[in-house]
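What follows is a set of notes on a single structure, which appears directly below.
Set out below in structure tokens:
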């Protein structure tokens, strides 16, 4: 009895230590200064949900609110704390959930102590923050709804790996409550895994049904607000909104075949390399399962658990292939294609393939390190060196510059922050601004509405169509091309000239402008950031337009 208690305490202690180490890995990978790329998007929306007086008249903030579970679980903190504090609280909560879920999943398959930390390091290395994978999906980073959803997803995957067919659906339902597509795609792939279980060992539908019902009820929390985005809207507007969303704003996530050839080539190379590694690892796993002590050398107690993880990834890959087939078959009718492609057919493969490679690959490392061949032992160190170099590189880059990702696309980001902070302290709370195309962090720093940016796509269909019309006027494309053969995009108000800026200010009720200082606009200057005349960068200037800000979210007639 006493020995059992001691063993349980040791087990809990090891569990906690591994979670702490995984949390450290996630911090290294995602711990940039706030706001991260999507934090300025999600947290300002959450702020507006709880305080309608925050940035009144902003098209994005005034649009529909689909992520209610996120707003209620974290967004309410924006009533009491600065956005940066809320971001870090959310990050730590999401990373802890992810770390606990990953430890549970990894240790279900590979039983050796500390291997969950190794597999976590391999996972984030393979994910590469979504910058170099097929559809740009990432998991560890700034706080948003899908980060929490993926935490629940990992607990569901752990139950699936164990063959506990009662519980995965509940975890996936919780994931759907936060982000409906994360959970929905997981359910589809998990059903594929269940259907391919050996017939004599497959759980009956009666076993699955209670969990499916409970998970389905949880999923309604995320599903109903998502469906409501198109309620009471003309079907033609819904179709056009889907086309804009898929082909104009998010082709890198939703329509990869429409990307430039060079970009598509890189994504296909990544996917091909991952599939090749996945296939080789699956062949290795099957051979180990047939050999004496093969799985024991890899610290894999159950070949069934490992096989379920691999089959899940295979079904995720099948979903991506189906998405490519849809895009190819319906390329002649993009309105029809967009109605299907908007469901993120490629998201899950970006997560599931690295997940399977990281966990089963950790078993391969353990087994190969015991090989009698020296070259094999050296080869087994390659994934460890790769993960260490990735995390070391991230640390070094952040040490050199810890600029928040949300402002990294802006010229002279420090001057941008200074100008926004001046706006926050010296302009009326209902002021509305014309801002640069990449100025989606404006609301974060200035707490003022803007007419529109490229990042902040509204949520409901009618507002998406309005957003596209606005951005075409705010950031027009010229017929002439630059030295790289691309059409020239006017991405900031100062490039439009004073007469056009005043036209847009009148149309959209913009009382102010924030723009690069050169070329200057012929408008009253309220503030300008100082700039070293010898520096090859522009500062930012805040102008008054003399227009009364409008509280509406659509263009003035």
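Numbering (this note's numbering), first residue to last: 20 to 576. C-beta atoms are modelled at their ideal positions from N, C-alpha and C, and glycine is treated no differently.
Can you give me the Cβ contacts of residue 183 inside the same chain, cut-off strictly under 6 Å, excluding the 5 residues immediately before and after it?
none
Between 45, 265, 499, which has its C-alpha nearest residue 356's C-alpha?
265
Quick one: what does DSSP say residue 469 is sitting in, helix, strand or coil?
strand
For residue 273, tell me which candidate among 200, 438, 169 has the shortest Cα-Cα distance.
200
What span of residues does the alpha helix (DSSP H) with residue 505 cover, start to end?
Careful: residue 505 lies outside any alpha helix (DSSP H) and carries neither H nor E.
Which of helix, strand or coil DSSP assigns to residue 452:
strand
Please state whether the Cβ-Cβ distance between residue 570 and residue 254 is less than 7 Å.
no
Expected contact under 8 Å - CB spacing of residue 80 and residue 64 to nearest Å
6 Å
Helix, strand or coil at residue 417 according to DSSP, with G and I counted as helix:
helix
Outcome for residue 560 when other beta-carbon atoms lying within 10 angstroms are tallied against a minimum of 16:
buried
Report the rounded CA-to-CA distance for residue 361 versus residue 342, giving the unit in angstroms.
10 Å
Terminal residues of the continuous beta strand (DSSP E) containing residue 56?
Run containing residue 56: none; DSSP gives neither H nor E here.
Exposure label - residue 89; buried when at least 16 CB within 10 Å
buried
Taking DSSP as the reference, what is the three-state secondary structure of residue 351?
coil
Rounded to a whole number of angstroms, what is the C-alpha to C-alpha distance between residue 169 and residue 158?
7 Å
Buried or exposed (CB count within 10 angstroms, at least 16 for buried), residue 435:
buried
Using C-beta distances below 7 Å, list every residue in its chain close to residue 465, excluding the 5 sequence neighbours before and after it, in chain order.
439, 442, 443
How should residue 243 be labelled, buried or exposed, when 16 other C-beta atoms within 10 angstroms of its C-beta is the threshold for buried?
exposed
Which ranges does the alpha helix (DSSP H) cover as unbroken runs of at least 4 residues, wholly within the region 246-287, from first to last along the chain?
254-262, 270-273
Would you decide whether residue 551 is buried or exposed? Buried here means 16 or more other CB atoms lie within 10 Å of its CB.
exposed
At least three beta-carbon pairs within less than 8 Å, the region 321-330 to the region 277-292:
no
Comparing C-alpha positions only, which one of 120, 369, 304, 238 sits nearest to residue 145?
369
What are the residues that DSSP puts in a beta bridge with residue 531?
452, 563
Simplified DSSP assignment, three categories, for residue 240:
helix
I'd like the list of long-range same chain contacts for residue 380, defined as Cβ closer than 7 Å, with 5 residues on each side in sequence excluded.
141, 300, 402
Does the Cβ of residue 307 have 16 or more other Cβ atoms within 10 Å, making it buried, or fewer, making it exposed?
buried
Relative to the C-alpha of residue 91, which candidate in 139, 35, 62, 53 has its C-alpha closest?
62
The region 107-117 contacting the region 507-524, beta-carbon criterion three pairs below 8 Å
no
From what residue to what residue does the beta strand (DSSP E) around residue 547 run?
544-547
Which residue wins for smallest C-alpha separation from residue 429, given the options 414, 511, 176, 285?
511
Quick test of your reading: residue 188 and residue 248, contact by CB under 8 Å. State the CB separation rounded to the nearest angstrom.
Contact flag wrong, Cβ pair sits at about 25 Å.
Measure the C-alpha to C-alpha separation of residue 508 and residue 472 and round it to an integer number of angstroms.
14 Å
Same chain, Cβ closer than 6 Å to residue 329, neighbours up to 5 away in sequence not counted
301, 375
Does DSSP put residue 129 in a helix, a strand or coil?
strand
Helix, strand or coil: how does DSSP classify residue 540 here?
coil
Sort out for me which residues DSSP pairs residue 319 with in a bridge.
129
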